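Novice: Here the sequence shown stands for residues 218 to 415, where the numbers follow my numbering.
Below you'll find the structure I mean.
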Amino acid sequence: LREAAASFITSATSKAGFPPDDLPEVALLGRSNVGKSSLLNALCGTRRLARTSAQPGRTRAVNFFRVGNELVFADLPGYGYARVPEALRVSWERLASEYLLGRRALRLSLLLVDARHDAMESDLTLRQFLEHHRLPYLVAATKADKLGRGELVRREAAIRRDVGAGALGVVATSATTGAGIDALWKAIRQQLRGRAIA
Ligand SMILES: Nc1nc2c(ncn2[C@@H]2O[C@H](COP(=O)(O)OP(=O)(O)O)[C@@H](O)[C@H]2O)c(=O)[nH]1
Ligand SMILES: [Mg+2]
């Protein structure tokens, strides 16, 4: 089922460019380079849907992808790139709040953190924002393939304690091996069906 045709809808740099919101929507949030585009491709069973990059900080728009008649993924620009000028930080915040606070179809956010590292201040700020506005979110701990099994278990526990404390769940994922992708789909669908416990 997850191979259901996924397609790019549009790219928007402001609310005026957002597409009609007739399907439930799932937002992807995370620092630049955390693996958002790669995870999106893995979720959609393709390598080519969203452009991945070794260079951080490139996306400045919300990219919308439709998965069959089921849902839309909204890939938000990465944040927290150390060298980002103040003006860009402010424009990220405007676009992100326009989307997160104004999008009626938004049902769930995926907050991506690198499984190898502790959450950064920008991740924790975003977590607070989501909780303050009662926006449900799942944490995806990305690049899990880069850790050995014991270390992954320890890192997952740490993530559950900090950035994941208010989340519906924490799922370790790898876009490279496909680990955690089915579990993430399951958690997404549970939430869209209204079965998850907030
Ligand atoms: N080993 C490994 N590398 C990954 C994974 N996901 C992303 N990457 C790499 O991390 C870099 C940034 O990925 P990208 O998806 O463009 O990140 P984005 O900026 O958050 O969209 C790229 O070089 C990817 O190949 C993963 O699960 N495992
Ligand atoms: Mg990207």
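Beta carbons: idealized from backbone N, C-alpha and C, even for Gly.
Every value quoted in this text rests on a predicted model; they were computed, and no experiment measured them.
Say the cut is 7 Å; is the CB of asparagine 280 nearer than that to a heavy atom of ligand 1?
Specialist: No, since every heavy atom of ligand 1 falls outside the 7 Å radius drawn around the Cβ of asparagine 280.
Novice: Quick one: is the Cβ of alanine 267 within less than 7 Å of any heavy atom of ligand 2?
Specialist: Yes, Cβ of alanine 267 sits closer than 7 Å to a heavy atom of ligand 2.
Novice: Going straight from the alpha carbon of glycine 234 to that of glycine 319, what length do you get?
Specialist: C-alpha separation (whole angstroms): 13 Å.
Novice: Are leucine 246 and leucine 325 touching if we call contact CB-CB under 8 Å?
Specialist: No. Outside cutoff.
Novice: Return yes when the C-beta of threonine 263 is under 7 Å from any heavy atom of ligand 1, and no when it is not.
Specialist: The answer is no for threonine 263.
Novice: Quick check: does the Cβ of lysine 363 come within less than 7 Å of any heavy atom belonging to ligand 1?
Specialist: Checking every heavy atom of ligand 1 against the Cβ of lysine 363, one is found closer than 7 Å.
Novice: The alpha helix (DSSP H) that contains phenylalanine 346, what's its start and end?
Specialist: Where phenylalanine 346 is concerned, the enclosing alpha helix (DSSP H) stretches over 338 to 349.
Novice: Quick check on leucine 341: buried or exposed, where buried means 16 or more other Cβ atoms within 10 Å of its Cβ?
Specialist: Exposed, since its Cβ has fewer than 16 Cβ neighbours within 10 Å.
Novice: Within 7 Å: the Cβ of alanine 392 and any heavy atom of ligand 1?
Specialist: Indeed, a heavy atom of ligand 1 lies less than 7 Å from the Cβ.
Novice: Isoleucine 414: buried (16+ other C-beta within 10 angstroms of its C-beta) or exposed?
Specialist: For isoleucine 414, the pLDDT reaches just 47, beneath the cut-off of 50, and the residue's location in the model is therefore unreliable, leaving the point undetermined.
Novice: Among the residues of its own chain, which have a CB less than 6 Å from the CB of glycine 386, if the five just before and after it don't count?
Specialist: So the list reads Leu355 and Ala404, once near-sequence residues are dropped.
Novice: Which residue comes first and which comes last in the beta strand (DSSP E) that contains alanine 304?
Specialist: Element bounds for alanine 304: not the beta strand (DSSP E) but the alpha helix (DSSP H), 303 to 319.
Novice: Measuring CB to CB, does alanine 343 end up less than 8 Å from leucine 327?
Specialist: Residue 343 is actually leucine in this sequence, not alanine. Result no, Cβ atoms of leucine 343 and leucine 327 do not sit closer than 8 Å.
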